[in-house]
Amino acid sequence: MAILEKIRSRSLFLILVIGLALFAFVISGVFGKDSGTGKTTVGEVNGESISRQEFAYKVENASRRYGANATTVQVVNQVWNQEVRGIVLEQQYEDLGINIEKDQILEVVKANPAFAQDPTFQNEAGVFDEGKFIEFIADLKANNPAGYQQWQMQEDALINASKEQSYFNLIKAGVGATLKEGELAYHLESDKVDVKYVKIPYTAIADSTVNVSNSEIESYVKEHKNEFKQDASRDIRYVYFEESASEDDINEVKTELSKLLENSVVYNEATKSDETVAGFKTTTNVQDFVTRNSDIKYDSTYVTKKDLPAALADTLYNLPVGSVYGPYKDGNYFKITRKVANKEGGSVKASHILISYDGSQAQPKESRTKEEAKAKAEELLAKAKAKPDDFATLAKENSEDPGSANSGGTYDNIPEGQMVPQFNDYIFDNKIGSIGLVETDFGFHVIKIDDKYNVVQLATVAREIEPSEKTISNLYTETTKFEMAAVDGDFQEVAKASNYNVRPVNKIKALDENIPGIGNQRGMVQWAFNEETEVGDVKRFNTPNGYAIAQLTGKRKEGLATAKDASATVLPILRKQKKAAIIMKDNAGKSIDELAKTNNVNVTAAAGLSMKTPTISGAGREPKVVGVAMALSEGDTSNLIEGENGVFMVSVTKKEIAPSLENYATYSNTQKTLNRNRATIAAYNALKDAAEIEDERADIY
Numbered sequence: 001m002a003i004l005e006k007i008r009s010r011s012l013f014l015i016l017v018i019g020l021a022l023f024a025f026v027i028s029g030v031f032g033k034d035s036g037t038g039k040t041t042v043g044e045v046n047g048e049s050i051s052r053q054e055f056a057y058k059v060e061n062a063s064r065r066y067g068a069n070a071t072t073v074q075v076v077n078q079v080w081n082q083e084v085r086g087i088v089l090e091q092q093y094e095d096l097g098i099n100i101e102k103d104q105i106l107e108v109v110k111a112n113p114a115f116a117q118d119p120t121f122q123n124e125a126g127v128f129d130e131g132k133f134i135e136f137i138a139d140l141k142a143n144n145p146a147g148y149q150q151w152q153m154q155e156d157a158l159i160n161a162s163k164e165q166s167y168f169n170l171i172k173a174g175v176g177a178t179l180k181e182g183e184l185a186y187h188l189e190s191d192k193v194d195v196k197y198v199k200i201p202y203t204a205i206a207d208s209t210v211n212v213s214n215s216e217i218e219s220y221v222k223e224h225k226n227e228f229k230q231d232a233s234r235d236i237r238y239v240y241f242e243e244s245a246s247e248d249d250i251n252e253v254k255t256e257l258s259k260l261l262e263n264s265v266v267y268n269e270a271t272k273s274d275e276t277v278a279g280f281k282t283t284t285n286v287q288d289f290v291t292r293n294s295d296i297k298y299d300s301t302y303v304t305k306k307d308l309p310a311a312l313a314d315t316l317y318n319l320p321v322g323s324v325y326g327p328y329k330d331g332n333y334f335k336i337t338r339k340v341a342n343k344e345g346g347s348v349k350a351s352h353i354l355i356s357y358d359g360s361q362a363q364p365k366e367s368r369t370k371e372e373a374k375a376k377a378e379e380l381l382a383k384a385k386a387k388p389d390d391f392a393t394l395a396k397e398n399s400e401d402p403g404s405a406n407s408g409g410t411y412d413n414i415p416e417g418q419m420v421p422q423f424n425d426y427i428f429d430n431k432i433g434s435i436g437l438v439e440t441d442f443g444f445h446v447i448k449i450d451d452k453y454n455v456v457q458l459a460t461v462a463r464e465i466e467p468s469e470k471t472i473s474n475l476y477t478e479t480t481k482f483e484m485a486a487v488d489g490d491f492q493e494v495a496k497a498s499n500y501n502v503r504p505v506n507k508i509k510a511l512d513e514n515i516p517g518i519g520n521q522r523g524m525v526q527w528a529f530n531e532e533t534e535v536g537d538v539k540r541f542n543t544p545n546g547y548a549i550a551q552l553t554g555k556r557k558e559g560l561a562t563a564k565d566a567s568a569t570v571l572p573i574l575r576k577q578k579k580a581a582i583i584m585k586d587n588a589g590k591s592i593d594e595l596a597k598t599n600n601v602n603v604t605a606a607a608g609l610s611m612k613t614p615t616i617s618g619a620g621r622e623p624k625v626v627g628v629a630m631a632l633s634e635g636d637t638s639n640l641i642e643g644e645n646g647v648f649m650v651s652v653t654k655k656e657i658a659p660s661l662e663n664y665a666t667y668s669n670t671q672k673t674l675n676r677n678r679a680t681i682a683a684y685n686a687l688k689d690a691a692e693i694e695d696e697r698a699d700i701y
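Position 39 of the sequence shown, counting from 1, maps to 39 under full-length UniProt numbering, and the rest follow consecutively.
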């Protein structure tokens with residue numbers, strides 16, 4: 001009461017405090033860093049803005065199409081790529097005068113199979129009827145505004161696709177391949193060379209003996225700027241606190257299940273007296289008991305021994321009827337299982353040959369009448385009865401059941417009622433080894449009963465092993481203690497003191513959402529990229545199964561990578577170059593045999609090398625080495641060659657130059673197709689790279 005009186009007496013003061021807090025919250029959204037709220041665009045391409053509202057509408061529509069198969073960020077990325085492509089190409093269309101006029105739209109529609117083959121728009125002869133299509137669109141416009149809006153979007157898509165096709169056709173028209181290029185392609189593929197070679201691997205020199213300085217890495221990066229452009233990125237590290245059941249929680253679940261085994265006495269409020277409640281061992285209504293007490297619903301299905309978990313199969317299958325096993329642990333559950341019943345021959349292994357006919361539910365391989373199908377089935381029945389061991393071969397050669405023909409017509413572990421009635425009755429009413437003929441809606445089946453299995457019916461009460469409220473509370477406290485200590489101290493040392501695992505995650509991009517080890521953490525990425533977040537800052541994030549305490553450990557700006565950031569890529573390259581120089585200096589002037597002997601390696605043979613597939617057996621992909629070999633004459637030996645995986649010397653033992661052809665048009669045409677396909681991709685990529693693109697998605701999504 002004393003507390004309530006204090007609240008009542010200070011109610012005006014509290015209202016003012018709450019009001020000011022709400023006002024401050026609203027103001028922070030208006031005047032603080034956008035948080036995406038004040039933006040009307042999501043970006044700009046070559047001076048053309050992308051409306052935030054229209055973009056959001058397209059994202060929403062795309063999200064509906066993909067459903068749970070794509071995350072929001074994945075959909076946003078796809079829509080963004082479409083918008084950028086559309087704007088970049090539209091500007092090209094305008095410059096070149098490419099357009100589709102209204103009177104041309106019908107031609108575009110007629111050329112599209114989705115419309116041309118739609119019976120709605122076809123006349124009696126099955127030909128696309130322009131009048132029917134125009135009438136359909138007019139009806140949409142008059143009576144179905146939503147449908148007409150959908151058509152307008154589809155119309156825009158058709159127009160854009162047509163303009164894009166026209167644009168890239170212009171590019172393709174300017175790309176080809178001469179007969180000389182065809183001749184070159186022929187020889188690159190067909191000329192062969194056999195060699196013997198010596199390879200001194202770069203691993204022969206320890207990495208620790210080769211020094212590469214930061215200045216050398218910086219110089220390499222500057223010389224290869226295009227290879228080391230980087231997006232803005234962040235580095236973090238985090239400790240994950242998982243909500244998992246403690247030993248006490250596990251034992252508690254096991255104890256609860258153990259109590260369910262035996263009868264219990266409970267007080268009945270209605271009768272004001274104690275009552276005995278049957279336990280799992282003695283209950284006469286097993287299904288009701290499972291329904292009331294299990295986290296997994298009752299399953300009355302009969303199962304074979306091989307349907308059961310391998311570790312428990314013998315125990316559960318061989319239980320006497322009415323007996324109970326458990327509690328036992330199975331995955332994330334504790335279970336108790338009671339055998340309800342046994343059934344002999346309750347599951348069947350059978351093979352069949354299906355012969356269908358025109359009009360049956362199955363599609364025949366060749367057109368045949370019902371009478372012809374029956375005659376063929378009877379013929380196969382006679383063959384199967386004469387030689388039962390050949391049944392699988394007969395099924396593979398003749399059966400028209402795509403689900404079983406390749407496996408000899410076999411279906412294993414068939415429970416009663418799974419097959420159509422005629423098939424089902426035959427396999428359950430006849431003995432193992434029986435071969436017979438039945439007719440179903442699918443056609444005629446020649447059936448062989450291969451085996452029968454006894455089955456059991458089990459009732460299982462399962463309880464999921466979950467963390468208790470106490471465990472969850474303790475985890476929250478533990479997480480909070482670490483968070484507070486990490487804010488004030490050294491993140492790594494604080495984690496080490498409590499034996500926590502610190503997980504680093506580097507080069508996170510602004511629109512990333514998945515953090516390895518904890519999944520979708522878009523909020524963590526946004527925090528890492530927030531301008532107010534400094535290196536060293538610590539923050540707690542909720543996860544589906546616990547908490548993550550994260551620390552920002554590094555920031556990278558967009559632009560050229562630093563020597564530190566590029567070292568993982570550049571260091572092996574420069575180290576390999578230095579090793580090659582050392583090996584070549586130490587082995588200058590040696591013959592191929594001397595090279596092998598002094599370096600304790602073998603002279604190895606490799607046959608059939610070509611420039612199209614420059615891979616050497618035992619050495620890997622070595623285009624430079626194969627190129628040198630192809631340039632040598634038969635019997636010649638190369639100088640030392642700096643390869644991909646080591647320093648080589650090759651000697652040509654055989655060289656085959658493919659004979660000249662009368663015409664290289666086939667190779668020229670193949671090369672033309674390759675060149676044109678590459679050109680369309682390269683053209684768009686070049687336009688995109690040259691475009692001025694401002695991307696503000698990360699501030700919104």
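Note that the Cβ used here is the ideal one computed from N, Cα and C, for glycine as well.
Alpha carbon to alpha carbon, what distance is there between residue j and residue i?
| i | j | result |
| --- | --- | --- |
| residue 692 | residue 43 | 11 Å |
| residue 253 | residue 333 | 9 Å |
| residue 549 | residue 341 | 53 Å |
| residue 479 | residue 92 | 56 Å |
| residue 761 | residue 71 | Residue 761 is absent from the model: the chain starts at 1 and stops at 701. |
| residue 593 | residue 637 | 11 Å |
| residue 688 | residue 542 | 38 Å |
| residue 462 | residue 335 | 4 Å |
| residue 88 | residue 82 | 10 Å |
| residue 324 | residue 307 | 19 Å |
Give the DSSP-derived three-state secondary structure of residue i in the structure shown.
| i | result |
| --- | --- |
| residue 268 | strand |
| residue 612 | coil |
| residue 470 | helix |
| residue 292 | helix |
| residue 748 | Here the chain comprises residues numbered 1 to 701, so residue 748 is not present and cannot be evaluated. |
| residue 245 | coil |
| residue 479 | helix |
| residue 320 | coil |
| residue 681 | helix |
| residue 278 | coil |
| residue 302 | strand |
| residue 424 | helix |
| residue 498 | coil |
| residue 284 | coil |
| residue 697 | helix |
Are the beta-carbon atoms belonging to residue i and residue j less than 8 Å from one another?
| i | j | result |
| --- | --- | --- |
| residue 197 | residue 604 | yes |
| residue 563 | residue 221 | yes |
| residue 174 | residue 675 | no |
| residue 647 | residue 200 | yes |
| residue 395 | residue 444 | no |
| residue 501 | residue 243 | no |
| residue 606 | residue 617 | yes |
| residue 217 | residue 582 | no |
Beta-carbon within less than 6 Å of residue i's beta-carbon, same chain only, minus the 5 sequence neighbours each way: which residues are those?
| i | result |
| --- | --- |
| residue 123 | 129 |
| residue 696 | 42, 43 |
| residue 552 | 236, 528, 533, 535, 537 |
| residue 681 | none |
| residue 441 | 361 |
| residue 399 | 353, 354, 405, 409 |
Using a Cβ-Cβ cut-off of 7 Å (strictly less than) and excluding sequence neighbours within five positions of residue i, which residues of its own chain qualify?
| i | result |
| --- | --- |
| residue 714 | In the structure displayed, the chain extends from 1 to 701; residue 714 sits before or after that span and is not available. |
| residue 506 | 235 |
| residue 653 | 194, 195, 196 |
| residue 152 | none |
| residue 683 | 171 |
Give every residue of the same chain whose Cβ lies closer than 8 Å to the Cβ of residue i, excluding the five residues on either side of it in the sequence, and list them in chain order.
| i | result |
| --- | --- |
| residue 79 | 55, 58, 59, 62 |
Do the segment 454-463 and the segment 300-317 make contact, defined as three or more Cβ pairs closer than 8 Å?
yes
Taking 8 Å as the threshold, find out whether the segment 347-364 comes into contact with the segment 443-453 through three or more Cβ pairs.
yes
Are the segment 503-518 and the segment 467-484 touching, with three or more C-beta to C-beta distances below 8 Å?
no
Okay, do the segment 225-239 and the segment 575-585 touch, 3+ Cβ pairs below 8 Å being the bar?
no
Is the segment 355-368 touching the segment 376-388 in the sense that three or more CB pairs, one from each, lie closer than 8 Å?
yes
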